[in-house]
Amino acid sequence: MEAVSLWHNVEVRAGDNLSAIFTKVGLSDQDLFRVLNSSEEAKILNRLYPGYQLDFMIVDTGELEKLRVLKSPLEGYLFTRYNNGYMVNPILKEAEIRQAFKVGKIANSLFMAGQKEQIPAVHIMEMANIFGGVIDFILDPRTGDQFSILYDEQYLDGEFIGNGKILATQFINQSKKHTAVRYVNEEGEIGYYSTDGESMRKAFLRNPLDVFRISSNFNPRRRHPILNTIRAHKGTDYAAPGGTPIQATSDGRVTRASRYGSFGNLVTIKHTGGFETKYAHLSRFARGLNRGDHVRQGDVIGFVGATGGATGPHLHYEFLVNGVHRNPRTILDKLPKAKSIDPSEIDKFHQHTAGLLLQFEKLNSSKMLATNQPSAD
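In the working numbering, the protein residues as written are 184 to 560.
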């Protein structure tokens with residue numbers, strides 16, 4: 184009589200461990216031992232992360248016939264019983280790539296307008312970073328400003344499984360058009376550039392947070408909220424929900440990632456050119472962040488908190504030039520942009536992006552026209 188098999192599906196959650204998962208589906212420690220010692224690839228099971236999918240095929244005798252480990256819908260491993268152990272084969276699938284194009288109009292904020300058009304939150308944040316060197320999203324956007332975005336979507340067997348990269352995006356701020364296109368240069372560096380090949384990226388991000396309001400500006404004569412004395416406020420305070428990710432505003436080396444007096448949990452980063460940035464009152468640091476680490480612009484270095492002398496959840500951000508505190512809200516416009524396309528590569532850049540930009544402009548023309556049509560009475 185042929186054995187009957189059943190699939191048991193488990194999604195790994197925070198705090199789960201492999202032994203508990205095996206017990207949950209009715210398998211023993213001996214079963215776990217056989218799987219873990221089956222091959223070198225089995226070491227993946229020692230590094231499970233939330234979101235991994237584990238599918239167990241167990242026959243009616245209680246034995247594990249197959250184990251499918253999916254790191255994502257496209258990648259994983261299949262363990263199949265063989266003699267007294269298991270043989271392992273990789274699972275690699277290729278997604279179907281489709282392109283999505285969305286346009287929106289500012290009423291309150293870029294984030295709210297993007298959500299209204301069902302643009303993925305991560306892409307709204309990335310748009311803010313892409314244009315952050317030319318647009319201050321606190322002061323510059325006006326009601327009626329428009330934006331558009333062209334990005335990849337991933338499908339598997341006809342079902343949506345995730346969002347891909349932004350290919351091109353545009354923001355029309357007070358009638359001034361800013362267009363950015365994705366390009367990978369000859370050194371393998373990914374960036375967003377204007378149609379002329381100028382980098383959209385400033386040497387520093389304008390803001391270290393994506394979701395915030397400024398609760399206190401740089402002020403050399405501010406009255407301290409607790410001490411009630413005149414004390415220079417040498418940075419900018421960003422009020423944001425506790426746990427909001429904080430980004431390094433430029434490439435650099437971490438010189439401090441520890442608790443430091445009234446700053447609470449503090450990260451300090453040294454940048455080239457005599458620049459230094461400080462990020463204070465963090466609830467916690469990014470996992471694995473240590474003094475001496477090199478970080479890239481946009482890397483998450485910690486999370487908003489209220490440690491040290493903070494009166495509520497916020498980020499205190501300082502910007503120093505050669506040891507002197509400067510106003511981060513005004514100094515950035517005086518700093519150079521990041522490296523633009525090398526003159527020796529500019530022809531290749533235009534050849535690579537011409538078709539994409541033509542497609543993007545056609546989509547913009549048709550969609551913007553429809554968006555601006557007056558509604559019928």
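Note that the Cβ used here is the ideal one computed from N, Cα and C, for glycine as well. This structure is a prediction, so every number in the text was calculated from the model and none was measured.
- Distance between THR513 and LEU250, taken at the CA atoms: about 57 Å.
- Going by DSSP, GLU309 is part of the alpha helix (DSSP H) stretching over 304-313.
- In this structure, ARG281 is the residue among ASN473, ARG281, ARG217 and TYR500 with its C-alpha nearest to the C-alpha of GLU342.
- Note that the segment 367-377 does not touch the segment 452-472; fewer than 3 beta-carbon pairs, one per stretch, sit closer than 8 Å.
- Nearest in C-alpha terms to PHE314, of all of ILE344, PRO273, THR362 and GLY327, is THR362.
- ALA440 is bridged by DSSP to VAL450.
- Taken in chain order, the complete alpha helix (DSSP H) segments of 4 residues or longer contained in the segment 196-248 are 201-207 and 212-219.
- The Cβ atoms of ARG474 and ARG439 sit closer than 8 Å to each other.
- Secondary structure at ASN192: strand, using DSSP grouped into helix, strand and coil.
- LYS520 has its alpha-carbon roughly 29 Å from the corresponding atom of SER548.
- Following the DSSP letters along the chain, one finds PRO511 inside the alpha helix (DSSP H) bounded by residues 511-514.
- Between the C-alpha atoms of LEU293 and GLN353 there is a straight-line separation of about 12 Å.
- In this structure, the straight-line span from the alpha carbon of GLY481 to that of VAL242 is close to 48 Å.
- In terms of Cα proximity to LEU540, the closest of GLN357, ASN448, VAL437 and ALA351 is ALA351.
- Across the set THR263, ARG230, HIS306 and MET240, the C-alpha of MET240 shows the shortest separation from the C-alpha of TRP190.
- In this structure, DSSP gives THR263 an extended state, which the three-state scheme calls strand.
- In this model, SER358 and PRO303 are separated by some 25 Å (Cα to Cα).
- The continuous stretches of alpha helix (DSSP H) do not include LYS461, which lies in the beta strand (DSSP E) extending over residues 458-465.
- Per DSSP, reduced to three states, the secondary structure at GLN480 is coil, with no helix or strand assignment.
- For the segment 517-556, the full-length alpha helix (DSSP H) segments reaching 4 residues or more read 529-554 along the chain.
- At a Cβ-Cβ threshold of 8 Å, THR427 and VAL483 do not count as neighbours.
- GLN430 is bridged by DSSP to VAL483.
- Here LEU339 carries a strand assignment [DSSP, helix/strand/coil].
- For the 8 Å CB-CB criterion, SER523 and GLU309 do not form a contact.
- Here the alpha carbon of ASN356 sits roughly 27 Å from the alpha carbon of GLY418.
- Under the 10 Å beta carbon count, GLY287 is surrounded by 16 or more other beta carbons and is classified as buried.
- Among the bridge pairs identified by DSSP, GLY435 is matched with VAL478.
- Looking at the backbone, the Cα of ASP379 and that of HIS477 are separated by about 31 Å.
- By the criterion of at least three beta-carbon pairs nearer than 8 Å, the segment 485-502 is not in contact with the segment 525-536.
- Between ALA537 and the set ASN220, TYR376, THR326 and LEU392, the nearest pair of CA atoms involves TYR376.
- By the criterion of a C-beta distance shorter than 6 Å, ARG264 is surrounded in its chain by GLU248, once the five residues flanking it on both sides are discounted.
- For GLY316, the closest C-alpha among the options LYS226, LYS550, PHE502 and LYS517 is that of LYS517.
- The Cβ atoms of ARG230 and ILE289 lie no closer than 8 Å to each other.
- The straight-line gap separating the alpha-carbon atoms of GLY447 and LYS461 is approximately 12 Å.
- Rounded to the nearest whole angstrom, the C-alpha separation of LEU333 and LEU472 is 34 Å.
- Between GLY268 and ARG217, the gap from beta carbon to beta carbon is short of 8 Å.
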